[in-house]
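Here the protein sequences line up with chains A and B, keeping their order. Going by my numbering, the residue at position 103 of the first sequence is 103; the numbering climbs one at a time, nothing skipped. When you read off a place in the second sequence, starting at 1, and then add 431, the result is the number in my numbering. Glycine included, C-beta positions come from ideal geometry on N, C-alpha and C. To start, the structure itself, in structure tokens.
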Amino acid sequence: MAHDAQHYNLDQKFDFNAGIKKSIMTVLIIGAALLAIGIVMAMLGGGHHEEGGEAAGHAFHWYERLYANLWINNVYFTGIAIIGVFFFAIQYAAQAGWSTPILRVMLSLGSWLPYAAVLMIVTFFIANHDIFHWTHSYLFDKNSPEYDSIIDGKGAFFYWPMEKGSFPVFYILRMVLFFGFWVFFFNKLKSFSYAEDIQGGTGYWYKMRSWSAYFLIFFAVSSSVSAWDWVMSIDTHWFSTLFGWYVFSSWFVAGLSAITLITIFLKGKGYLEMVNENHIHDLGKFVFGFSIFWTYLWFSQFLLIYYANIPEETVYFIERLSSDVYGSFIFVNIGMNFFLPFLVLMTRDAKRHGVFLKLVCTLLLVGHWVDFFLMVQPGTLGHNGGIGLMEVGMFLVFGSAAAMVVLGGLAKGNLIPKNHPMLEESYHHHI
Amino acid sequence: MERDTHFILGVYEDEDVLLHAVKDVRTSGVKIHEVYSPYPVHGLEHALGYKRSRLPIAAFLFGLLGTTLALTMQLYMMKFDWPMIIGGKDFAAIPDFIPVSFELTVLLAAFGMVGVFMISSDLKPWAQPRIFDLRITDDKHVMAIDIANNSTLEVEKIKEILKSSGATEVNNKSFE
């Protein structure tokens, strides 16, 4: 049979032109403006809302909300970036052929990782006391009235090998190690993928398969541990054994939505001619399936805690469900991340046509941000949180900055790995 | 509808030949009764011009029935018929009902789908299947042409079309 894939222009590059940059910059500027207004409003309004209700609590400062927002978006967009690399690696480990023309789209998400690493570490050093309760040294001092034996018991997880309450060496080490290895694997896979364009042959494919396997083993551990470190440790007393997978599944759906949206966007601009509704259908199935997977984990966590009714566990949901600020967002979360994709993407046609997928994936990106909002804000801000201009602005700033970096990374090389051994298989992909 | 009894059969050995043959035979104006093959041939329904199955709609409706039934049943039992306090929860503790509702949704969707499929394909236990050629259970693909359905064409002409489309044998088959 003739090599039909060769009929396409395989050397096509994404032209990240001034027009696209301008529209992304517009979103960024709108976001920055909203953020600035939000900050000013919080600074001015901060004094009026002192209800004096928090007995042992400290006075609330407007910048705590800024830090919490920084943290939500740091964790969220880091997740989307690493999921791009993860999904790329999965394609090689599973020896998948269908996804060949969109491999570069997945990989490009990883371009955000170095920026995410810097932002995350800097944010931690600026905002540690305002986000993480366990960073206060008096918790570990037996003579202090605020001594907390539970947190003291967990202290080594953050401070080893230093003295508890001093400098969180182990925590920082993990953060640096995870980002270091993630960026390393991303660069490794990227350089192999681009080298394949020039050299050809199947050697690079085998190399990438091995490196993908190494990365997946590392990611299996690091994704879970990073979720404990960056999200679960905010509610220091509380723990959940499936929290790592819950955060991962939220990242995964958001990452898949981003991959789908970029693919549809590129197709709309006339790129990726090889990608037809069969490939889009498969992406839609992933988004649909993993939305249900996320719901399964969310509900598994909720049901067991609700049913067992152990106070040290239920506190997490009481903080959220019984709160005037967060109570309704729990239902927004379930509605946007389960009912919407479940009902809209159920039919075959909805998964094959860009219009439905575009709508659902955009809403899912917002929906999973709400999920992270619900993980971070109740533990950091309590009743002072909520979704206001600052939240919307920060989300837009981060989103457009990440889009800028990702599309810039995508424009650097060919859109299609033209010497990939399974290009032909992908062309004939039909479901 | 009266059961048709006289058929012409084209026997094919290769699925690629068969797929092209189906297209050729259809474009030459012959109406195909059915194609029998020992294993699923990818793209065959498309080549035969079959409409997409409406089975998923039945599955969805049966699933919906399962959810409704499960929630109604649990609510009736736990709140109205025999209220019991379990774990200090409300009588109508919806989160507790979700696992059972999920299971019944899947069960009814699956059973409903199998049932609808069997009824719509006429697969009843006492059905007498018509075997066009025993080799369709082994290694041959058979295209059956209903003579009564192609009354405008002559039998010899149909046989010629089948032969030229790549059939290794062309046979007649009649049922009582």
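Interface residues of chain A facing residue i [CB-CB closer than 7 Å]
i	result
G518 of chain B	Y307, N309
Neighbourhood of residue i by C-beta distance below 8 Å, restricted to the same chain and skipping five residues each side
i	result
I305 of chain A	S240, E313, T314, Y316, F317
T450 of chain B	First, the amino acid is wrong: residue 450 of chain B is Leu here, not Thr. Contacts found: V472, G474, L475, A478.
L113 of chain A	T78, A81, I82, V85, F179, W182, V183, F186
M549 of chain B	K555
N143 of chain A	none
V225 of chain A	R174, F178, G244
Residues near residue i by beta carbon distance below 6 Å, same chain, minus five either side
i	result
F185 of chain A	F215
E600 of chain B	V442
F373 of chain A	I72
A403 of chain A	I24
A490 of chain B	A540, M544
G155 of chain A	F140, K164
M394 of chain A	L35, N69, N73
F60 of chain A	N384
L10 of chain A	I416, K418
H237 of chain A	I150
G494 of chain B	T536, A540
Partners in chain A for residue i, counting only beta-carbon separations shorter than 8 Å
i	result
D445 of chain B	Neighbours of D445 of chain B on chain A: none; closest Cβ ~14 Å, over 8 Å.
Partner residues on chain B for residue i, Cβ-Cβ distance less than 9 Å
i	result
L303 of chain A	P526, D527, I529, P530
F288 of chain A	Those within 9 Å of F288 of chain A in chain B number zero; the least Cβ separation is about 13 Å.
Whole-Å CB distance - residue i paired with residue j, under 8 Å assumed
i	j	result
W230 of chain A	G244 of chain A	Between G244 of chain A and W230 of chain A the Cβ distance is about 11 Å, and since that is not below 8 Å, they are no contact.
T583 of chain B	S532 of chain B	Contact flag wrong, Cβ pair sits at about 56 Å.
P469 of chain B	T568 of chain B	6 Å
T436 of chain B	S605 of chain B	6 Å
F170 of chain A	W134 of chain A	About 12 Å separates the two Cβ atoms, so there is no contact after all.
Y467 of chain B	H572 of chain B	7 Å
H368 of chain A	S222 of chain A	Between S222 of chain A and H368 of chain A the Cβ distance is about 20 Å, and since that is not below 8 Å, they are no contact.
L345 of chain A	F356 of chain A	7 Å
L256 of chain A	F286 of chain A	5 Å
A254 of chain A	A93 of chain A	That pair is no contact at about 21 Å.
S291 of chain A	V27 of chain A	With a Cβ gap of about 25 Å, S291 of chain A and V27 of chain A do not count as contacting.
D564 of chain B	L440 of chain B	6 Å
I578 of chain B	V586 of chain B	6 Å
Close beta carbons around residue i, own chain, < 7 Å, minus the five adjacent residues each side
i	result
L321 of chain A	G327, I330
Q91 of chain A	S99, L103
A106 of chain A	The residue asked about is misnamed: residue 106 of chain A is Met in this sequence, not Ala. Cβ within range, chain order: G84, F87, F88, I259.
I234 of chain A	I131, F132, V376, G379, T380
Y204 of chain A	F192, A195, E196
I30 of chain A	L396
D527 of chain B	K520
A56 of chain A	Because A56 of chain A carries a pLDDT of 43, less than 50, the predicted location of this residue cannot be relied on, and the following value inherits that uncertainty. Correct list: empty, nothing qualifies.
L363 of chain A	M336, L340
V448 of chain B	G597
V325 of chain A	H383, G385, G386
Beta-bridge partners of residue i, as assigned by DSSP
i	result
A575 of chain B	B:L440, B:E465
S605 of chain B	B:H437
K207 of chain A	Bridge partners of K207 of chain A: none, in fact.
E375 of chain B	Because chain B is modelled from 432 through 607, residue 375 of chain B falls outside the range shown and cannot be assessed.
K13 of chain A	A:N414
Per-residue contacts from residue i into chain B (C-beta, under 7 Å)
i	result
F215 of chain A	None at all; the shortest Cβ gap to chain B is about 33 Å.
Interface residues of chain B facing residue i [CB-CB closer than 8 Å]
i	result
F186 of chain A	In chain order: nothing, as chain B lies at least about 36 Å away.
Chain E within 8 Å of residue i, Cβ atoms only
i	result
F299 of chain A	In the structure shown, chain E cannot be found, because the protein chains are A and B.
Stretch pair the region 424 to 431 of chain A + the region 19 to 35 of chain A: three plus CB contacts closer than 8 Å: no
The region 60 to 74 of chain A in contact with the region 121 to 138 of chain A per 3-pair CB rule at 8 Å: yes
Touching by the beta-carbon criterion (3+ pairs, under 8 Å), the region 72 to 85 of chain A and the region 148 to 163 of chain A: Segment contact: the region 72 to 85 of chain A against the region 148 to 163 of chain A, fewer than three CB-CB distances shorter than 8 Å; contact not assigned.
At least 3 beta-carbon pairs within less than 8 Å: the region 273 to 291 of chain A vs the region 345 to 360 of chain A: yes
The region 405 to 415 of chain A / the region 109 to 123 of chain A touching (three or more Cβ pairs under 8 Å): yes
Given 8 Å, three or more beta-carbon pairs between the region 553 to 561 of chain B and the region 515 to 522 of chain B: no
Any 3 or more C-beta pairs closer than 8 Å across the region 453 to 462 of chain B and the region 505 to 512 of chain B: no
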